[in-house]
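A.B. asks: Numbering (the working numbering), first residue to last: 250 to 417.
Every residue, glycine too, gets a C-beta built ideally from N, C-alpha and C.
The structure that follows is given in the form of structure tokens.
Shown next as structure tokens:
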């Protein structure tokens, strides 16, 4: 049931570009496949997949980082159950960070451009956060603490800054 819910949510948010479609396929495949680990971080096209982070205390957590370009930074930190974190980066010098603590949450960051910064921090349950950036030198942050919160940011252009904070 969780897999169908996540797939449905990802399908609604991810169908806008080829890269998003690729990430969606990776995420759904990982959710359906169970324990999988893969890493190819030696080239410019980096892929790191860590579906069960830290082992103890985590149940059915999924993390996907897909990087194409140079000098990207990305990290996903998860503690809890039923968590999904996805980062997709195109271009150069983008930074993306996801932190999740709780149950049944989705965080998705897509960056296409140069020198963009994005972060999502989630605490609680059943929260969803999505950040999409196109352009250069943009900054976007979503912080959620509570249950059932939904936040989304889309940036096109350059030099934009936005911060969304949701509490219950």
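Just the Cα atoms here: how many angstroms apart are residue 403 and residue 352?
C.D. replies: 25 Å
A.B. asks: Give the DSSP-derived three-state secondary structure of residue 409 in the structure shown.
C.D. replies: coil
A.B. asks: On the DSSP letters alone, give me the boundaries of the beta strand (DSSP E) that residue 366 sits inside.
C.D. replies: 366-374
A.B. asks: Please return the same chain residues whose Cβ sits closer than 7 Å to the Cβ of residue 391, not counting the five positions on each side in sequence.
C.D. replies: 369, 378, 380, 400, 402, 413
A.B. asks: When you compare only the Cα positions, how much space is there between residue 406 and residue 387?
C.D. replies: 8 Å
A.B. asks: Reducing DSSP to helix, strand and coil, say where residue 321 ends up.
C.D. replies: coil
A.B. asks: What is the residue span of the beta strand (DSSP E) that residue 331 lies within?
C.D. replies: Counting along the chain, residue 331 falls outside any beta strand (DSSP E), and DSSP gives it neither H nor E.
A.B. asks: State the Cα-Cα distance for the pair residue 374 and residue 329, rounded to the nearest angstrom.
C.D. replies: Whole-angstrom Cα-Cα distance: 10 Å.
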